[in-house]
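Presented below is the structure to which this report refers.
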Amino acid sequence: MLASAIIVFREVLEAALLVGIVAAATRAVPGRNLWLGGGVLAGLTGAAIVAVFTESIASLASGVGQEVFNAVILGIAVVMLAWHNIWMSAHGAALAADAKRVGGAIRDGRSECSVLLIVVGLAVLREGSECVLFLYGIAATEGFGSSMLIGGLAGVVAGVTAGYVLYAGLVRLPMRWIFAATGLLVLFLAAGMASQAARFLIQADLLPSLATPLWDTSGWLSETSVVGTLLRSLIGYDARPAGMQILFYVAALALIAFGMRRVAQGKSTSNGRRAAA
Amino acid sequence: MKKLVLLTALFAASAFAADPEYRLVISEHRFQPTELTVPAGQKIKLIVENRDATPEEFESHDLNREKVIAGKSSATIFIGPLKAGSYAFVGEYNEKTAKGVIIAK
Chain U
1 MLASAIIVFR EVLEAALLVG IVAAATRAVP GRNLWLGGGV LAGLTGAAIV
51 AVFTESIASL ASGVGQEVFN AVILGIAVVM LAWHNIWMSA HGAALAADAK
101 RVGGAIRDGR SECSVLLIVV GLAVLREGSE CVLFLYGIAA TEGFGSSMLI
151 GGLAGVVAGV TAGYVLYAGL VRLPMRWIFA ATGLLVLFLA AGMASQAARF
201 LIQADLLPSL ATPLWDTSGW LSETSVVGTL LRSLIGYDAR PAGMQILFYV
251 AALALIAFGM RRVAQGKSTS NGRRAAA
Chain E
1 MKKLVLLTAL FAASAFAADP EYRLVISEHR FQPTELTVPA GQKIKLIVEN
51 RDATPEEFES HDLNREKVIA GKSSATIFIG PLKAGSYAFV GEYNEKTAKG
101 VIIAK
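Protein chains in written order, with this note's numbering: chain U, 1 to 277; chain E, 1 to 105.
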């Protein structure tokens with residue numbers, strides 16, 4: 001029972017933390033609850049569909065369809081998270097100051113929300129489909145109501161709780177810190193996803209690994225430990241990363257941070273000009 | 001993105017170079033063989049056949065690999081090049097029985 005709870009918890013955790021962070025980041029965006037809920041629902045539906053078609057997906061692209069599928073989903077999520085972060089560096093301050101007065105930001109908020117829906121939906125879809133397969137396997141062999149299945153459901157509850165705790169902690173921060181904190185979290189989340197995408201492409205032999213692994217910190221901090229699991233979900237901690245994964249990680253980190261700075265700077269200079277006029 | 005496509009295309013070509021193939025079979029939530037010896041310093045194409053009706057996830061932290069294998073189907077996983085040593089793997093969905101080790105020499 002505990003084993004199945006832990007397996008499901010690990011899968012749910014990553015998506016739950018992402019939803020928690022995104023929910024906190026968009027606290028001031030009007031109507032975001034609806035979008036978030038929609039994203040989770042769409043993700044769950046997608047997860048069930050993906051689980052059913054696992055075999056067909058896997059046999060695509062001469063047997064590495066699953067890796068390509070995962071890498072594409074992760075790739076889209078990285079782009080969406082990057083977009084979210086860059087948008088937030090431009091409009092976050094205005095939203096924090098007064099959500100009602102910034103009409104333009106609210107209009108933009110709608111497109112921001114659809115990005116949100118996609119990010120949340122994709123995260124739930126990816127992690128959810130593995131949960132569905134696992135729970136289906138248990139239900140098929142041990143029957144409904146088995147302790148393993150109950151354990152799995154306990155894992156779902158624990159994962160969602162972790163996401164909620166992170167959200168509750170973040171929204172307790174003063175408004176301007178929320179944006180700084182969630183911006184940083186999303187930045188590392190996206191970089192971790194880029195590294196995971198690279199790992200899938202290496203596993204599919206579509207990218208060279210460039211050293212396997214580049215380093216090994218498993219003796220120091222195991223990925224299966226509590227801290228390791230959390231860091232894996234939050235910043236993409238990998239005890240034995242391939243060289244290519246580090247390349248993707250650093251590139252994503254640098255590109256998104258650069259985009260955020262550019263937009264934030266452009267914003268402050270245009271504000272300065274308006275104040276001077 | 002263009003660069004990525006180019007990179008992918010470039011290195012996809014390397015996939016056609018014949019990497020040595022090794023097979024694992026999952027049956028009744030156990031791996032056969034439980035110990036697989038492979039050459040070190042070389043990329044390996046691992047084919048895992050799941051003869052069970054339920055899905056299984058091949059997972060190895062040592063190899064940094066994970067892949068879901070649907071019931072009654074096969075999956076290809078590229079691993080390595082490995083340093084000499086032993087690398088544990090499990091079937092995550094049935095961790096109690098499904099375990100094995102890859103030994104690179």
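From the three backbone atoms N, C-alpha and C, an ideal C-beta is built for every residue, glycine too.
From a predicted model like this one, the values you see are computed outputs, not experimental measurements.
Leaving aside the five residues before and after residue i along the sequence, list all residues of the same chain whose C-beta is less than 6 Å from its C-beta, in chain order.
i: U/Phe248; result: Ala194, Ser195 and Ala198
i: E/His29; result: Asn94, Thr97 and Ala98
i: E/Ala70; result: Pro55
i: U/Leu231; result: Tyr237
i: E/Gly41; result: Pro81
i: E/Pro20; result: Ile44
i: U/Lys100; result: Bear in mind that a pLDDT of 48 at U/Lys100, under 50, signals an unreliable position, so the model cannot answer this.
i: U/Leu210; result: Gly243 and Met244
i: U/Gly46; result: Leu125
i: U/Trp87; result: Glu112
i: E/Ala88; result: Asp62 and Val101
Return no unless some Cβ of chain U is closer than 9 Å to the Cβ of residue i.
i: E/Ala98; result: no
i: E/Leu82; result: yes
i: E/Glu107; result: Residue 107 of chain E is absent from the structure shown; chain E starts at 1 and stops at 105.
i: E/Ser73; result: yes
i: E/Pro141; result: Outside the modelled stretch of chain E, which goes from 1 to 105, sits residue 141 of chain E, for which no answer is possible.
i: E/Ile102; result: no
i: E/Ile79; result: yes
i: E/Lys105; result: no
i: E/Ala15; result: Confidence in E/Ala15 is poor, its pLDDT being 49 and thus under 50, which makes the residue's placement unreliable; the coordinate value appears in the next sentence. Yes, E/Ala15 counts as interfacial toward chain U.
Within the same chain, show all residues whose beta-carbon is closer than 7 Å to that of residue i, passing over the 5 residues directly before and after it, in chain order.
i: U/Arg240; result: Pro213, Asp216 and Ser218
i: U/Ala252; result: Val78, Ala190, Ala191 and Ala194
i: U/Arg27; result: Val171 and Ile178
i: U/Leu166; result: Leu17, Gly20 and Ile21
i: U/Ala23; result: Leu36 and Tyr167
Please confirm whether residue i has its beta-carbon closer than 9 Å to some beta-carbon of chain E.
i: U/Ala140; result: yes
i: U/Lys100; result: A caution first: U/Lys100 carries a pLDDT of 48, below 50, which makes its placement in the model too unreliable to give a value.
i: U/Gln265; result: no
i: U/Gly137; result: yes
i: U/Arg126; result: no
i: U/Glu67; result: yes
i: U/Thr224; result: yes
i: U/Ile73; result: no
i: U/Leu133; result: yes
i: U/Ile118; result: no
i: U/Ile303; result: No answer is possible for residue 303 of chain U: it lies beyond the span of chain U, which begins at 1 and ends at 277.
i: U/Ser146; result: no
i: U/Arg209; result: Strictly speaking, residue 209 of chain U in this sequence is Ser, with Arg absent from that position. Judged by the 9 Å Cβ criterion, U/Ser209 is in contact with chain E.
i: U/Ala15; result: no
i: U/Ala276; result: Unreliable placement is indicated for U/Ala276, whose pLDDT of 47 sits below 50; no coordinate value is reported for it.
i: U/Ala191; result: no
i: U/Ile86; result: no
i: U/Ala204; result: yes
i: U/Ala158; result: no
i: U/Ala154; result: no
Considering only residues of the same chain and omitting the five flanking positions on each side of residue i, which have a CB-CB separation below 8 Å?
i: E/Pro33; result: Leu24 and Gly100
List, in chain order, every chain E residue whose beta-carbon is nearer than 9 Å to that of residue i.
i: U/Ser218; result: His61 and Asp62
i: U/Pro213; result: Asn64
i: U/Ala24; result: Simply none; closest approach about 29 Å.
i: U/Ala123; result: Ordered by position in chain E, no residue passes the 9 Å Cβ test against U/Ala123, which lies about 17 Å from the chain.
In chain E, what lies closer than 7 Å to residue i by C-beta?
i: U/Val64; result: Thr76
i: U/Ile76; result: Correct list: empty, because the minimum Cβ distance to chain E is about 11 Å.
i: U/Ile7; result: Glu92
i: U/Arg199; result: Asn64
Applying a beta-carbon distance threshold of less than 8 Å, which residues of chain E neighbour residue i?
i: U/Ala3; result: Glu95 and Lys96
i: U/Glu130; result: Glu57 and Val68
i: U/Gln196; result: Result: empty, since nearest Cβ-Cβ is about 10 Å, beyond 8 Å.
From the beta carbon of residue i, is the nearest beta carbon of chain C less than 9 Å away?
i: U/Thr54; result: As a matter of chain content, chain C is missing from the structure shown, whose protein chains are U and E.
At a Cβ cut of 9 Å, what residues of the region 234 to 247 of chain U count as close to chain E, listed as they run along the chain?
Asp238, Ala239, Arg240, Pro241, Ala242 and Gln245
Inter-stretch contact at 8 Å, needing at least 3 Cβ pairs: the region 217 to 236 of chain U / the region 254 to 269 of chain U:
no
Three Cβ pairs or more, each shorter than 8 Å: is that satisfied between the region 119 to 130 of chain U and the region 18 to 30 of chain U?
yes
Is there contact between the region 77 to 86 of chain E and the region 147 to 163 of chain U, where contact requires at least three CB pairs shorter than 8 Å?
no
Stretch-stretch touch, CB-based, cutoff 8 Å, three pairs: the region 40 to 47 of chain E with the region 64 to 80 of chain E
yes
Contact between the region 136 to 147 of chain U and the region 28 to 42 of chain U: three or more CB pairs below 8 Å?
no
How do the region 184 to 191 of chain U and the region 80 to 89 of chain U stand: do at least 3 beta-carbon pairs fall below 8 Å, yes or no?
yes
Residues in the region 252 to 264 of chain U with C-beta within 8 Å of chain E's C-beta atoms, listed in sequence order?
none
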